[in-house]
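Enquirer:
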Amino acid sequence: MVVFTEKDKLTPFIQNLKKEGKTIGFLPTMGALHDGHLSLAKASIAQNDYTVVSIFVNPTQFNNPEDLEKYPRTEENDIKLLTEIGVDFVYLPPVSDLYNKGEVAKVYDFDGIDKVMEGEFRPGHFDGVATVVAKLFRAVNPTKAYFGEKDFQQIRIIQEMVKQEQIDVEVVPMPIFRADNGLALSSRNMRLTSENLEAAPFIYQVLKEAVALKNKGKTPTEVIDFVKETFAQSAFELEYFTITDEEKLQPIDTFNTDVKTRGFIVAYAGDIRLIDNIQF
Ligand code: PAF
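Position 210 of the sequence shown, counting from 1, maps to 209 under numbering that gives the first Met the number 0, and the rest follow consecutively.
Below, the structure written as structure tokens:
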């Protein structure tokens with residue numbers, strides 16, 4: 000496996016492979032890799048001639064400086080894991096390779112998709128994500144790029160960004176990777192206390208019960224009330240639970256078989272913010 004730290008070396012290298020007709024799969028990450036990332040990398044390896052993984056903790060997507068500082072960094076182990084599964088190239092840039100000094104995120108207009116849920120609770124977050132992913136796409140120029148549906152809203156933002164920036168890449172959404180107990184894998188799980196790690200599958204259990212209620216004919220409001228009441232009696236602090244359509248991510252009043260819908264949740268276990276979602 001070859002590690003690149005400069006886009007000026009990576010970009011022409013990949014361009015040459017593409018000129019030879021090779022396909023390039025790409026997985027952008029912020030490191031602290033877990034089995035969820037590895038399953039995306041394996042999908043890329045299976046579907047493309049070459050796979051690139053980037054490891055970059057993007058400063059412009061953190062609205063809380065403490066969160067940026069505390070973000071787990073495990074580069075040595077990440078590189079070992081990626082080597083073991085057969086990833087071809089890693090892009091591990093310093094901040095200066097992607098951002099000019101003092102550069103801030105580009106301000107996008109995503110027609111409201113960026114204003115709800117994560118956009119409401121983490122102002123500016125999606126401008127930072129879109130900015131860095133556009134830069135990474137231009138550095139790597141992949142054929143396909145893989146994203147986990149745990150961050151479903153992020154996928155919608157990236158699909159819109161790609162259209163606006165006219166970047167030629169196929170965005171491939173991949174199902175949420177869960178532990179056997181149902182907990183959605185996340186780099187943040189590393190920071191859970193053992194007690195919270197044991198309790199955290201509660202989030203997915205409640206999501207599944209919410210879907211069961213919908214299947215019994217309950218309305219979105221009734222399902223939302225159930226989730227709120229259940230969390231009020233738990234050890235977790237619910238930040239939000241909402242049910243929206245999958246396209247514009249706007250809250251729905253009724254379940255309609257013609258419109259794909261999803262329930263989105265954020266809850267705190269101690270000071271760790273956990274995110275999950277489920278299709279209804
Ligand atoms: O999902 C992530 O890990 C990040 O938001 C991403 C897409 C790598 C951009 O920094």
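Don't be surprised by glycine CBs; every beta carbon is placed ideally from N, CA and C.
Computed from a prediction, not measured in an experiment: that's the story for all the values here.
1. Alpha carbons only, please: which of G30, V131, I277 and A138 is nearest the one belonging to E208?
2. Can you check the region 23-90 for any alpha helix (DSSP H) of at least 4 residues that lies completely inside it and give the ranges in chain order?
3. Find out if the Cβ-Cβ distance for the pair N47, K143 is shorter than 8 Å.
4. In angstroms with no decimal places, state the Cα-to-Cα distance between V103 and Q163.
5. Quick one: is the Cβ of P27 within less than 7 Å of any heavy atom of the ligand PAF?
6. Please give the ranges of any beta strand (DSSP E) in the region 167-206, keeping only runs that are unbroken, at least 3 residues long and fully inside the region.
7. Rounded to whole angstroms, how far is the Cβ of E123 from the Cβ of N62, which I believe are closer than 8 Å?
8. Go ahead and pull the three-state DSSP assignment for G147.
9. I'd like the span of the beta strand (DSSP E) that includes G273, first residue to last.
10. Residues in its own chain within less than 6 Å of K149 by CB, not counting five upstream and five downstream?
11. Can you find a heavy atom of the ligand PAF that lies under 7 Å from the Cβ of D126?
12. Could you give the distance in angstroms between the alpha-carbon of T260 and the alpha-carbon of P172?
13. Rounded to whole angstroms, how far is the Cβ of F146 from the Cβ of I156, which I believe are closer than 8 Å?
14. Of the choices A40, Q249, R190 and E228, whose alpha-carbon is the least far from that of K114?
15. Mind checking whether the beta-carbon of D150 lies closer than 7 Å to any heavy atom of the ligand PAF?
16. Looking only at DSSP bridge pairs, what is T260 linked to?
17. Identify the residues that DSSP records as bridge partners of Y107: which are they?
18. State the DSSP-derived secondary structure class of V115, mapped to helix, strand or coil.
19. Going by Cα to Cα distance, which pick from S53, F12, I84 and A45 is closest to D34?
Expert: Taking the geometry as given:
1. Walking along the sequence shown from the start, residue 208 turns up at place 209. For E208, the nearest C-alpha among the options comes from I277.
2. 34-46, 64-69 and 74-84
3. For this step, residue 47 is matched to residue 48 along the sequence shown. For this step, residue 143 is matched to residue 144 along the sequence shown. Closer than 8 Å, so yes.
4. Within the sequence shown, the letter at position 104 stands for residue 103. Within the sequence shown, the letter at position 164 stands for residue 163. Straight-line Cα distance between these residues: approximately 19 Å.
5. Within the sequence shown, the letter at position 28 stands for residue 27. Yes.
6. 169-173
7. Indexing the sequence shown from 1 puts residue 123 at position 124. Indexing the sequence shown from 1 puts residue 62 at position 63. For the sequence presented, residue 123 should be read as Gly rather than Glu. Confirmed, Cβ separation roughly 5 Å.
8. For the purposes of this step, residue 147 is taken as residue 148 along the sequence shown, with counting starting at 1. Correct three-state label for G147: strand.
9. The count along the sequence shown starts at 1 and reaches residue 273 at position 274. This sequence places Leu at residue 273; Gly is not what is there. L273 -> beta strand (DSSP E) spans I271 to Q278.
10. Counting from one through the sequence shown, the residue named residue 149 turns up at place 150. Excluding positions up to five away in sequence, the list reads I175 and A183.
11. As a working note, residue 126 is residue 127 in the sequence shown. Flag unset: Cβ of D126 not near the ligand PAF.
12. In the sequence shown, the residue the question calls residue 260 occupies position 261. In the sequence shown, the residue the question calls residue 172 occupies position 173. Their backbone Cα atoms lie some 16 Å apart in a straight line.
13. As a first step, residue 146 is located in the sequence shown; it is residue number 147 there, counting from the start. As a first step, residue 156 is located in the sequence shown; it is residue number 157 there, counting from the start. With a Cβ gap of about 10 Å, F146 and I156 do not count as contacting.
14. Within the sequence shown, residue 114 is the residue found at index 115, counting from 1. Of the candidates A40, Q249, R190 and E228, the one whose C-alpha sits nearest the C-alpha of K114 is Q249.
15. What you label residue 150 is simply residue 151 of the sequence shown in a count that begins at 1. Within the cutoff, so yes.
16. Mapped onto the sequence shown, residue 260 falls at position 261. Note: T260 sits in a beta bridge opposite D244.
17. As a working note, residue 107 is residue 108 in the sequence shown. According to DSSP, which records beta bridges pairwise, Y107 is partnered with nothing at all.
18. For the purposes of this step, residue 115 is taken as residue 116 along the sequence shown, with counting starting at 1. Here V115 sits in coil by DSSP.
19. The residue labelled residue 34 in the question sits at position 35 within the sequence shown. Measuring from the Cα of D34, the nearest candidate turns out to be I84.
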